[in-house]
Amino acid sequence: MSIPGLSSIPGLGQAPATATFAPTFVTSATVVHELQANSEWRFEVAFGTSIEVKLLSGTAEIFGTELAEKHTYTFRGTKAAIFTWHGCRIEVSGPCEEYVAEDTPMIPYVNTHFALERLRDEAKEKGAEGPKVLVVGPNNAGKTSLIKMLAAYAIKMGRQPMVINTDSREGMLSVPGSLTATPFSSIIDVEQGWGSSPTSGPSPVPVKLPLCYYYGLPSPEDNTSMFKQVLTRLALAAASRLTADPAVKETGMIIDTPGAMAQGKEGYDLISHIVREFSVNVIIIIGSERLYSEMNRRFASGTTNTLPITVVKLDKSGGCVDRDETYLRHCQEAAIKEYFFGDPRRTLSPHTQNVSFDEATIYRIREPNKTDTSFLPGGEADAIFSTSQIYDKSDPSPEMLHCVFAIMHATLRDSQETIRDASVMGFVYVAGVDEKKRVIKVLAPLNTRISDRPMVWGSWPEMSGSLI
Ligand SMILES: Nc1ncnc2c1ncn2[C@@H]1O[C@H](COP(=O)(O)OP(=O)(O)OP(=O)(O)O)[C@@H](O)[C@H]1O
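The sequence shown runs contiguously to residue 468 in full-length UniProt numbering.
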């Protein structure tokens, strides 16, 4: 088996080298780093600043995606690492926190990729579906980074992995609050995290087409029943996309999860729900012994569609960084800005539309687990959050200013269940609410009529100020 850049990884199966950390420091001058084989340069770039990185010689990758020699990459508001299997020289200019590490879990990670490749080859021979891989672990354990790596290595082998995001706190190729399934047939854009989805205008890296559903709340606990229903819809859409495309079918899926699922009975029950709905047959636990033991107990002797479930434990990378609320808020706002205005390489011009109060149909997502119903007499709390009431219909109000609404692929006559189960057509941003003229001014990526569609308003994404 010959894979460009991967065929001769030295030291497969050997114990990783011990750590040699240089102290973290900040620099803004141009510097050249000489990285030894099997080491990585870890860096953090603050929001509002940028650095430029060029691979001068050798080979290097960011979460599995190989860097092109002599190409200048620009990173903004990023925490990541450049890893090299064979050694390389990189040139860096701009301010960042950085250090070089030799102790990385890359060998077990790449061995996991090869194990998945064997399952994909077997699936291809039998005309069956490739592995459905679920990655679980606490917050900041490196789940998304591992998934990027596994997807990038699969793409490099000519495969087409379908990557599923069930973490509504961070969007993947979409606005936060959404849950997506995206088949990847081309390279991941390392400067942008995952890349860009189709808006308008050309893109240097081919755009990806996510199947997008809207949950609109930051954590699965905020409305567990709605979260499960949206997951079920996503699983159905992903399964039919998988069967429609032989290349995606034989590669299978890789599913990212929120860290909140890694603890407590409710979290474990949600994992069981995903295993069932997506027919998961490989579970990777990263960075938690306790979760590994629980997953082994629940699934190690189980089967999905007659296939045994394999439970695998991987170590967390020492490079994983904790991201505080402020950082996540910056990431969220950057994702929303990018959706409407593009990025420095590709600016977009959103359209402004005025929608009259009488024409707007807005549904606010209910948050039963956040609402205090303890003051209500027995039975009334249950009635308030009856299953048929997913949303509250809301009249336009100044409270909606700076909020993001999901425009659903549904009609105004559809039931709340149908709207919840519909895919997302796009998002709009409320730029103004004029109570005198009774109009809301919204920004939309395209000039499509939106007043004949239901708009869904959740508490996530949450904007702290004006986008314009
Ligand atoms: N080897 C590494 N070197 C430097 N930074 C890294 C490395 N691995 C991961 N990171 C960074 O650490 C942070 C946490 O990693 P990641 O997002 O993969 O974790 P996660 O488990 O998906 O987190 P969450 O569940 O909270 O979304 C990210 O900013 C990521 O880019």
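Ideal placement from N, C-alpha and C gives every residue a C-beta, glycine not left out. Model, not experiment: these values are computed from the prediction.
For Val100, the shortest C-beta to heavy atom distance toward ligand 1 is 7 Å or greater.
Remark: the shortest separation between the CB of Glu170 and any heavy atom of ligand 1 falls under 7 Å. Remark: the shortest separation between the CB of Cys320 and any heavy atom of ligand 1 falls under 7 Å. In the three-state reduction of the DSSP assignment, His273 falls in the helix class, which pools H, G and I.
By the C-beta criterion, the stretch 315–335 is judged not to be in contact with the stretch 121–133, since fewer than 3 inter-stretch pairs fall below 8 Å. Assignment of Asp121 by DSSP, reduced to helix, strand and coil, places it in the helix class. Here Leu412 is exposed: its Cβ has fewer than 16 other Cβ atoms, across all protein chains shown, within 10 Å. Take Ile309, set aside five residues on each side of it, and the residues of its chain with a beta-carbon closer than 6 Å to its own are Asn281, Phe299, Gly302, in chain order. One Cα belongs to Val355, the other to Val439, and the distance between them is close to 5 Å. Between Glu91 and Leu56 the beta-carbon gap is near 6 Å, inside 8 Å, which marks them as a contact. Counting along the chain, the unbroken beta strand (DSSP E) around Cys88 starts and ends at 88–93.
The C-beta separation of Ile62 from Leu150 comes to about 14 Å, leaving the pair out of contact by the 8 Å criterion.
When the alpha-carbon of Thr361 is set against those of Leu134, Arg345, Asp452, the nearest one is in Asp452. Excluding residues up to 5 positions away in sequence, Ala410 lie with their Cβ nearer than 7 Å to the Cβ of Thr418 in the same chain. Its chain contains Val433 as the residues whose beta carbon lies nearer than 6 Å to that of Pro398, once the 5 sequence neighbours on both sides are disregarded; these appear in chain order.
The beta carbon of Leu270 is closer than 6 Å to those of Pro220, Met261 in its chain, skipping five residues each way along the sequence. DSSP places Lys54 within a strand segment (E or B) once states are collapsed to three. For Thr104, the three-state secondary structure derived from DSSP is coil. Counting the other Cβ atoms within 10 Å of the Cβ of Thr30 gives fewer than 16, which makes it exposed.
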